[in-house]
Amino acid sequence: MIHMPKYEKIWMAVGTGSLILFLIVLGIMAGTMGLNPPDGMETTVEPENVEASAPFDQPGLKQIGPNEYEAVILSYIFGYKPNQITVPEGSTVHFKITSKDVVHGFFVPGTTTNLMAVPGHVAEYTQTFDEAGEYLFVCHEYCGSGHHLMYGNIIVEEKM
Amino acid sequence: MSTTDLGVEGGGEQAALTDFKFDRKDSRLVMAHLLFSFGAVFLGATAGLLQVMQRSGWITLPPWLNYYQLLTAHGVLLALVFTTFFIIGYLFSGVARTLDGKLSPAARVLGWIGFYMMAVGTVMAVIVILTNDASVLYTFYAPMQASPWFYIGAALLIVGSWFSAFGIFAAYINWRRTRKKHSSPLFAYMAVATMILWLHASLAVAVEVVFQLIPWSLGLVARVDVGLSRALFWYFGHALVYFWLLPAYIYWYVNIPQIVGGKIFSNSLPRLTFILFILFSVPVGFHHQLNEPGIESFWKFLQVVLTMMVVIPSLLTAFSLLATFELAGRSRGGKGLFGWIKKMPWKDARFFSAAMAMLIFIPAGAGGIINASYQMNQVVHNTWWVTGHFHLTLASTVLLTFFAISYWLIPVLTRREFTKHLNKLAIVQAILWAIGMFLMGGIMHIVGLQGAPRRSSYATYGDHELALTWISYNQVIAAGGVLLFIAILLVLYIWVNLLYFAPRTEKTIEYPVGVVNEQAEHPPKILERWSVWIGVSIALVLIAYTIPIYQMFMHNPPGSLTYRSW
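Here is the structure:
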């Protein structure tokens, strides 16, 4: 229908071919290795009352198996509850995060834990901490005048 | 040579270096848009300079001014106001130039209605930003609630731009009425395509602002559905970036071939490129929401696939432009594999600035693929990397192209000469911009990978070791910001000269419009059947958005109250 010179056909074929290959790789990683970005279809009560019902009435860290923890974290203007958690090296942590007011973020630099705390929704993500150290987590979605003061720490302790 | 009767062959483009004078009425309309956009650049750039110096710890702001207020002003004035005004002015100019040499009366009236609505809206929004009643940034995410005037101003800006779009459609329809059998001139075709994309995408943000945010900010409803408002915003938000990019593409495809002494390579493929943008710019908004709850992974992935389709028109564009340049360079005696590169008019700022823009677009586009690539996004989402990304795309590729346009468009309007001296300054400007942006945008990418969040005031995060390393990078970023501000002063100096002080001239002032290569065939008629493409575009949107939006209504948490957290 539309004329395309030979070299352009080659160029487009190579380019489009690499694109398709790239998308297949992303799809395989998502479909068979379970590598999906954070999500969560669970919703909460009125965001301002979220502390009245489970699990956000008792935010914090809970051991749910050997080396396995659930971290329920409530974000608010301008902080996190709790703002520090401590786990042993090699632990897998299931994060469950919401906000009781505006939209916040929860990002642990150096890891792939990077999620949005949207009021009314519970964001979920699982991360394994293989290296000991003091990890920082920060709010990375603008939430107001104290946005840059909103942070916390994850202490990953070396195994004895 | 009159402009009325050409046209027909080769899609209506005119050959040879010709003088072009706008009808006074058209010239006033275009000029009003350009002047308004220049004012926005000055204010927005000043805000940018103060911000980058504050975040790096160079200055402390007075108590009546804060970082987030500056950031709101910077984003609104540059990303929304400057771009929209400049783009509409440029599109009107090219539509007038390629469709009978003037706008139809209806197009002018619609253009002015649009201009005044957008101008009033901008003034409203800027006032409440200055009084610190709207420090919600240019994405204005609920449930942070700005003054109602901010949202009303935004609505006027959006709806006003629709009138401008209707003005462009009116001029096009008027031309087509008597020439049904011909394909339209490439510029006009692309202007119409850009405005179709804009109209479609901005409908969503208009719904968000008019039906969700305005009633809520006036207190008529108590709660706002945050998930829905974000989905509506990003339905618009990604197409917005193509609304910025496509006018730059128009310059590259249509005007630059004439400047480099070459021809437009194909008359069909550029049209196909724009059609692909209409199709694949909207059903992709979730790639901005990959890391948030309330949207199932499947739909995020589907929209990632649709997002990546943009690679196809980008590849087409890269090939076409290089082919135009190479053929032009060879026809001027360029020998060997790369000899043609030397034959490009590197000393002409109208080309040089745009060439810088194109070069920067290569790493910028690669960064964009990383951002949208589903899993990798988790490493960069909402970090300073993203800010670096759109300072290479919008604030370099698009902006430098717009500077290049201004260097001949203002002279055509004012009949003043873009002197050798101004041309030299413009080349220095582009080099300074590239260096400044390499330091600022480049380092933003690096420090973003180290984890520094975007949109954050100066902070040490409890003196955490990692956060302290970010601050050392900030020093380079701020230095880049200072260079960029100097470059903005330089471009303002050039503009003021072209507007008021450069010598008036009787010389030919060219509005460059390329001629289509003789061998290029006529574009297939289907490419100009807009209803078909609008239909396909809506179908893609229905596929990508129906079920996730339905789920938002089904799994709907109670809405959020209002917060003023600044």
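These protein sequence lines map, in sequence, to chains A and B. Here the first sequence is numbered in our numbering, starting from 1 and rising by one per residue. Here the second sequence is numbered in our numbering, starting from 1 and rising by one per residue. All C-beta atoms, glycine included, are put in the ideal place defined by N, C-alpha and C.
Along the alpha helix (DSSP H) that carries residue i, what are the first and last residues, could you check?
i              : result
H200 (chain B) : L186 to V207
Q258 (chain B) : I256 to I259
G480 (chain B) : E465 to V496
V380 (chain B) : N377 to V380
S406 (chain B) : L399 to T414
A318 (chain B) : V311 to S331
T273 (chain B) : L269 to F280
R230 (chain B) : V226 to I250
S217 (chain B) : I214 to S217
I509 (chain B) : Neither: I509 (chain B) is in no alpha helix (DSSP H) and is coded neither H nor E.
K342 (chain B) : G339 to K342
In three-state terms, what does DSSP make of residue i?
i              : result
K25 (chain B)  : helix
S91 (chain A)  : strand
T43 (chain A)  : strand
W295 (chain B) : The question names Trp, yet the displayed sequence has Ile at residue 295 (chain B). If DSSP states are grouped into helix, strand and coil, I295 (chain B) belongs with coil.
R177 (chain B) : helix
G436 (chain B) : helix
R350 (chain B) : helix
Q58 (chain A)  : coil
M1 (chain B)   : Annotation note: pLDDT 33 at M1 (chain B) (below 50); position unreliable, coordinate value reported separately. In this structure, M1 (chain B) counts as coil in the three-state DSSP scheme.
L6 (chain B)   : Reliability of the predicted coordinates at L6 (chain B) is poor, the pLDDT of 37 falling under 50, and no value is obtained from them.
I64 (chain A)  : strand
V41 (chain B)  : helix
K96 (chain A)  : strand
V136 (chain B) : coil
E51 (chain A)  : helix
F20 (chain B)  : coil
E13 (chain B)  : With a pLDDT of 42 at E13 (chain B), under the threshold of 50, the modelled position of that residue is not reliable, and no figure is offered here.
Q429 (chain B) : helix
P283 (chain B) : coil
Using only alpha-carbon positions, find the residue among the options that is nearest to residue i.
i              : options                           : result
L23 (chain A)  : B:F22, B:Q303 and B:T419          : B:Q303
F553 (chain B) : B:S229, B:M440, B:H287 and B:L400 : B:S229
K180 (chain B) : B:Q551, B:R529 and B:S565         : B:R529
L500 (chain B) : B:D26, B:K25 and B:L35            : What sits at residue 500 (chain B) in the sequence shown is Tyr, not Leu. Nearest of B:D26, B:K25 and B:L35 to Y500 (chain B), Cα basis: B:L35.
Q475 (chain B) : B:L489, B:D463, B:G436 and B:E506 : B:G436
A171 (chain B) : B:L197, B:S217 and B:L91          : B:L91
F351 (chain B) : B:A404, B:N371, B:Y189 and B:L306 : B:A404
T317 (chain B) : B:G75, B:A502 and B:R271          : B:R271
E141 (chain A) : A:T43, A:I77, A:A52 and A:P59     : A:I77
I538 (chain B) : B:L197, B:V52, B:I59 and B:I158   : B:L197
R28 (chain B)  : B:V95, B:R108 and B:S37           : B:R108
Q378 (chain B) : A:P37, A:Y7, A:M33 and A:G133     : A:P37
F274 (chain B) : B:F485, B:V254, B:P293 and B:G261 : B:V254
I88 (chain B)  : B:S164, B:L65, B:L540 and B:A355  : B:S164
V428 (chain B) : B:L489, B:T397 and B:R455         : B:L489
F390 (chain B) : B:M31, B:L61, B:A79 and B:H421    : B:A79
V260 (chain B) : B:R330, B:G57 and B:V192          : B:R330
Flag residue i as yes when its Cβ comes closer than 7 angstroms to any non-hydrogen atom of the ligand ZN, and as no otherwise.
i              : result
I214 (chain B) : As far as ligands go, the structure on display features none, and thus does not contain the ligand ZN.
Name the one or two DSSP bridge partners that residue i has.
i              : result
K424 (chain B) : Answer by DSSP bridge pairing: none, since K424 (chain B) is not bridged.
H104 (chain A) : A:A117
I85 (chain A)  : A:I154
Y69 (chain A)  : A:Q63 and A:V93
I264 (chain B) : B:V516
M144 (chain B) : B:Y563
Y76 (chain A)  : A:G79
T383 (chain B) : B:P453
How would you write the range of the beta strand (DSSP E) that residue i sits in, first residue to last?
i             : result
G79 (chain A) : G79 to K81
So, does the CB of residue i fall closer than 8 angstroms to a CB anywhere in chain E?
i              : result
L136 (chain A) : You won't find chain E in this structure, because its protein chains are A and B.
Beta strand (DSSP E) runs contained entirely in the region 44–129 of chain B, provided each spans 3 or more residues: none
Continuous beta strand (DSSP E) assignments of at least 3 residues falling wholly in the region 107–150 of chain A: 114–117, 123–129 and 133–138
Unbroken stretches of the alpha helix (DSSP H), 4 residues or longer, contained in the region 1–39 of chain A: 6–31
Contained alpha helix (DSSP H) runs [length at least 4] in the region 520–564 of chain B, N- to C-terminal order: 530–554
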